[in-house]
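J.:
Residue numbers (my numbering): 1 to 572.
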C-alpha cells in the first residue's frame, strides 16, 4: 500500500503537466509542423554531412563489428548517440538516411521537452509555444536535425534532464532525481560539455537547503553520476579501443588558453559579445512577448538598468560598425550564402568566390536585429541577477527562485568555457531553451496577454525564420545530393579510385579515415596535392572543367552547378 501511494505521488507532476490545458493540442501542432517541414526539405540521401561521417562510422562499426570503435576524428564520448543511431539502423540497415531520421526524432523530442519545461516553470501557452517554435525554426537547430551531428541529440538529452531536475526541485521526489541523473549521464556521454549540468544542480540544491547532509548527498549523487560516468567511460575506452587522436583536443585547447590571462580576456570578450548577439537574435521573438523587466525594479535601479541597456546597445553597434563585422560572424552552420558549410576545397580552403552570397542588405538587417536582441537579452539576464540578489533572504522559501538559480547557473557554466575556444555557432543551440527558461522565472504572475501588434510581429519573425531554415536546409541537402551523385559516377562508372578524388571533407573523411588509422595531418581529410579529380563550386587554378551537374535552389530561387575538375598542372 505504501509503495502504491508513493508511486502515485511521484508521478503526479508529470500527469498534471500532461493534463494541463492545451498541452496535448500544442505538442500535436508542433509535431505536425515539424513533420511538414521535414517533407519540404526531403532528408533522404545516403551521404554524410559535416562531421557526421565520423559519427556514422562509429555506428557502422558497432553494428558490423559488435563494438564501439570511433574514428581518430572523434572529440567527444559519442557513445549515447552511437547507441541511439544503432537502434534505428538495426531494423532498417545502416545508411545516413536512417541516421538522419534518428536525429530528426530527437529534434522533435527536444522541441516538445522545451515546451513542457516552459509550461512546468509557469509559462502560459503562448510563451511556451513561442519558446518551442524558436528552437524548431532556428536555422542551426533545424539544419543540424537533418544530419547525424551531436548537437541536436545533446540538446534533447539536456532539456529532458532539466525538466526532471525541475520536477525534483519542485517536489523533491527521488524518482525525479534519478531520472534527471540518467538523462544527465546520457548527455555527458554524448558530449562532455554536459558536465556543466551536475555543477549547476549542486549550486541549486545548496542554495535551497544550505550545506547540509541532505543537500550534499543529493548533489553528490548527481555529481558522481555525471563525472563518474565520464571517468569510467574514458577508462574503458582507453583500455579497449584507445582514445581517439583528437579526443582531448578541446580540453587541451581550453587549458592552453587558460594559461595565458591576456589571451583569455581578448578572446572571451569578443566571443561573449558575438554569442550574445547570436542568442539575442534567436530569442528576439520570445523576448517581445515578455512583460517589461523594469516592473520588478525600484526607481533607482530602473534608471541604472536603463543606462546599462543603452550603453551596451550603443557600444555593440559602434564596435560592429568600426570592425565591419556583419552577421554571420562565426563559422560553420550559418554562412554568407545560406545554411551549411561548403566543405569543398575551393570554398573552404582556398576561399574562392565561387558561390553567390546572400544580399548584403539582408545581413545588415540581421545584424541590426542581432544587436537589438543581444542588448535585450543582456538586459533580461542582468535584471534576473539583480532580482535574485535583492530577494536573496526569501530565496529558500521560493521554489521559483531556486529554479531560476539552477537555470541561470547552468547558462553561465555552459557559456563561459565555450567563449575561450574557437567559436562555432552550433554550440549555442543548447542555450536557447536554457535562456528561455531563465528569463521568465519567476515572472509567472506578470505574464499578460500582448497586443495584436506584438503577436503579429512575433509571428512574422518566426515565419521568416522557418522559411530561411527550410529553404536553406533544403539547398544544403540538394547540392550535397548532387555532389555525391557526381562522386558515385566517378567511382562506379569511370572506375576512379577514391584516393584520386578530392570530393570534399566528408568524402575524404569517409573513405580515407577509419578507426584503424591515425590522423597524421589534415591533408588526408581535406584533400592532398596528388588528386586527379576535384569536386568544386567553380574554377580552380591547375584544373580544367570535366563534368557539370546542375541542381535547383530555393535560396535564392534558381539553379546552380557542381563541377568535377580534372588536373592539368600543379595546383596552388
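Just so you know, even glycine gets a beta-carbon here, dropped at the ideal spot from N, CA and C. This structure is a prediction, so every number in the text was calculated from the model and none was measured.
Would you call residue 62 buried or exposed, if buried means 16 or more other Cβ atoms sit within 10 Å of its Cβ?
T.: Counting from 1 along the chain shown, the entry for residue 62 is found at position 62. The residue in question, residue 62, is buried, as its Cβ has 16 or more Cβ neighbours within 10 Å.
J.: Looking at residue 271: is its Cβ nearer than 7 Å to the Cβ of residue 139?
T.: Taking the first residue of the chain shown as position 1, residue 271 is located at position 271. Taking the first residue of the chain shown as position 1, residue 139 is located at position 139. No, they are not a contact pair.
J.: For residue 375, count neighbouring Cβ atoms within 10 angstroms of its own Cβ and tell me buried if that reaches 16, exposed if not.
T.: For this step, residue 375 is matched to residue 375 along the chain shown. Buried: at least 16 other Cβ atoms inside 10 Å.
J.: Please classify residue 499: is it buried, with 16 or more other beta-carbons within 10 angstroms of its beta-carbon, or exposed?
T.: Position 499 of the chain shown, counting from 1, holds the residue named residue 499. It counts as exposed.
J.: So if DSSP puts residue 561 in a beta bridge, which residue, or which two residues, is it bridged to?
T.: For this step, residue 561 is matched to residue 561 along the chain shown. In DSSP, residue 561 forms a bridge with 550.
J.: What span of residues does the beta strand (DSSP E) with residue 535 cover, start to end?
T.: On the chain shown, residue 535 is found 535 positions in, with the first residue counted as 1. Note, residue 535: beta strand (DSSP E), 533 to 536.
J.: Using beta-carbon positions only, say whether residue 433 and residue 114 come within less than 7 Å of one another.
T.: Walking along the chain shown from the start, residue 433 turns up at place 433. Walking along the chain shown from the start, residue 114 turns up at place 114. Yes, Cβ-Cβ distance for residue 433 and residue 114 is below 7 Å.
J.: Tell me whether residue 331 sits in a helix, a strand or coil according to DSSP, three-state version.
T.: Along the chain shown, read from residue 1 onward, the residue named residue 331 stands at position 331. Three-state DSSP puts residue 331 in a strand.
J.: Look at the alpha carbon of residue 278 and the alpha carbon of residue 137, and state the distance between them as a whole number of angstroms.
T.: To locate residue 278, count along the chain shown from 1; it is residue 278. To locate residue 137, count along the chain shown from 1; it is residue 137. Their Cα atoms are separated by approximately 14 Å.
J.: Between the C-alpha atoms of residue 54 and residue 508, what's the straight-line distance to the nearest angstrom?
T.: Along the chain shown, one-based indexing puts residue 54 at 54. Along the chain shown, one-based indexing puts residue 508 at 508. Near 11 Å, if we compare the C-alpha coordinates of residue 508 and residue 54.
J.: I'd like the span of the alpha helix (DSSP H) that includes residue 340, first residue to last.
T.: Translated into the one-based positions of the chain shown, residue 340 becomes position 340. Residue 340 -> no alpha helix (DSSP H), and no H or E assigned at all.
J.: Residue 226 and residue 195: beta carbons closer than 7 Å?
T.: As a first step, residue 226 is located in the chain shown; it is residue number 226 there, counting from the start. As a first step, residue 195 is located in the chain shown; it is residue number 195 there, counting from the start. Yes, they are a contact pair.
J.: Does the Cβ of residue 568 have 16 or more other Cβ atoms within 10 Å, making it buried, or fewer, making it exposed?
T.: Here residue 568 refers to the residue found at position 568 when the chain shown is read from its first residue. By the 10 Å Cβ count, residue 568 comes out exposed.
J.: By alpha-carbon positions, which one of 58, 254, 73 and 176 ends up nearest to residue 620?
T.: Here the chain covers residues 1 to 572 and nothing more, so residue 620 does not appear.
J.: Since I believe residue 287 is in contact with residue 192 (beta carbons under 8 Å), could you give me their beta-carbon distance rounded to a whole number of angstroms?
T.: Counting from 1 along the chain shown, the entry for residue 192 is found at position 192. Counting from 1 along the chain shown, the entry for residue 287 is found at position 287. The C-beta separation of residue 192 from residue 287 comes to about 31 Å, leaving the pair out of contact by the 8 Å criterion.
J.: Below 8 Å, can you find three or more Cβ-Cβ pairs linking the segment 40 to 47 to the segment 94 to 104?
T.: yes
J.: Could you compute how far the alpha carbon of residue 310 sits from the alpha carbon of residue 316?
T.: Your numbering for residue 310 matches position 310 in the chain shown. Your numbering for residue 316 matches position 316 in the chain shown. As the crow flies, the alpha-carbon of residue 310 is around 10 Å from that of residue 316.
J.: Would you please state the rounded distance, in angstroms, between the beta carbons of residue 349 and residue 72? I believe it to be under 8 Å.
T.: Position 349 of the chain shown, counted from the first residue, corresponds to residue 349. Position 72 of the chain shown, counted from the first residue, corresponds to residue 72. Incorrect: roughly 20 Å between the Cβ atoms, too far for contact.
J.: Please report the straight-line C-alpha distance between residue 511 and residue 491, rounded to a whole angstrom.
T.: If you number the chain shown from 1, residue 511 lands on position 511. If you number the chain shown from 1, residue 491 lands on position 491. Looking at the two C-alpha atoms, the distance is approximately 12 Å.
J.: State the DSSP-derived secondary structure class of residue 445, mapped to helix, strand or coil.
T.: Your numbering for residue 445 matches position 445 in the chain shown. Here residue 445 scores only 41 on pLDDT, less than 50, and its place in the model is too uncertain to base an answer on.
J.: For a test of your reading of the model: does the CB of residue 170 fall under 6 Å from any non-hydrogen atom of the ligand FAD? Yes or no.
T.: Absent from the structure shown: the ligand FAD. Ligands present: none.
J.: Nearest-angstrom Cα distance between residue 462 and residue 379?
T.: Numbered from 1 along the chain shown, position 462 holds the residue referred to as residue 462. Numbered from 1 along the chain shown, position 379 holds the residue referred to as residue 379. Whole-angstrom Cα-Cα distance: 22 Å.
J.: In its own chain, which residues sit with a C-beta less than 6 Å from the C-beta of residue 107, not counting the 5 before and 5 after it?
T.: In the chain shown, counting from the first residue as 1, residue 107 sits at position 107. Closer than 6 Å at the Cβ level, and outside the excluded window around residue 107, lie 145 and 152.
J.: Mind checking which residues open and close the alpha helix (DSSP H) that includes residue 152?
T.: Position 152 of the chain shown holds residue 152. It spans 151 to 171 - the alpha helix (DSSP H) in which residue 152 sits, taken as one unbroken run.
J.: Can you tell me which of the three DSSP states residue 451 falls into?
T.: Counting from one through the chain shown, the residue named residue 451 turns up at place 451. DSSP places residue 451 in coil when its eight states are reduced to three.
J.: Assign residue 138 to one of three DSSP states: helix, strand, or coil.
T.: Translated into the one-based positions of the chain shown, residue 138 becomes position 138. Coil.
J.: Put residue 439 into one of helix, strand or coil per three-state DSSP.
T.: Looking up residue 439 in the chain shown gives position 439. Looking at residue 439 - three-state DSSP - the assignment turns out to be coil, as it is neither helix nor strand.
J.: Evaluate residue 503 with the Cβ neighbour count: other Cβ atoms within 10 Å of its Cβ, from every protein chain shown; 16 or more gives buried, anything less gives exposed.
T.: Position 503 of the chain shown holds residue 503. Here residue 503 is buried. Its C-beta has 16 or more other C-beta atoms within 10 Å.
J.: Can the beta-carbon of residue 68 be found closer than 7 Å to that of residue 57?
T.: For the purposes of this step, residue 68 is taken as the residue at position 68 of the chain shown. For the purposes of this step, residue 57 is taken as the residue at position 57 of the chain shown. The answer is no: Cβ separation not under 7 Å.
J.: Report the rounded CA-to-CA distance for residue 535 versus residue 483, giving the unit in angstroms.
T.: One-based indexing of the chain shown puts residue 535 at position 535. One-based indexing of the chain shown puts residue 483 at position 483. In this model, residue 535 and residue 483 are separated by some 7 Å (Cα to Cα).
J.: Measuring only the C-alpha atoms, how far is residue 237 from residue 230?
T.: Indexing the chain shown from 1 puts residue 237 at position 237. Indexing the chain shown from 1 puts residue 230 at position 230. Those two C-alpha atoms are separated by around 10 Å.
J.: Below 6 Å CB to CB, which residues in the same chain sit around residue 216 once its five sequence neighbours on both sides are set aside?
T.: For the purposes of this step, residue 216 is taken as the residue at position 216 of the chain shown. In its chain, beyond the 5 residues on either side, no residue has a beta carbon closer than 6 Å to the beta carbon of residue 216.
J.: If you follow the alpha helix (DSSP H) that residue 261 is in, where does it begin and where does it stop?
T.: One-based indexing of the chain shown puts residue 261 at position 261. Note, residue 261: alpha helix (DSSP H), 261 to 288.
J.: Take residue 414 and list the residues in its own chain whose beta-carbon comes closer than 6 Å to its own, dropping the five residues that flank it on each side.
T.: As a position in the chain shown, residue 414 is number 414, starting the count at 1. Contacts found: 196.
J.: Going by the DSSP bridge assignment, what does residue 424 pair with across the sheet?
T.: Sequence index remark: in the chain shown, residue 424 carries index 424 (1-based). Its beta-bridge partners are 331.
J.: Count the CB pairs spanning the segment 25 to 37 and the segment 80 to 87 that are closer than 8 Å, and state whether there are at least three.
T.: Contact fails: fewer than three Cβ-Cβ distances are below 8 Å.
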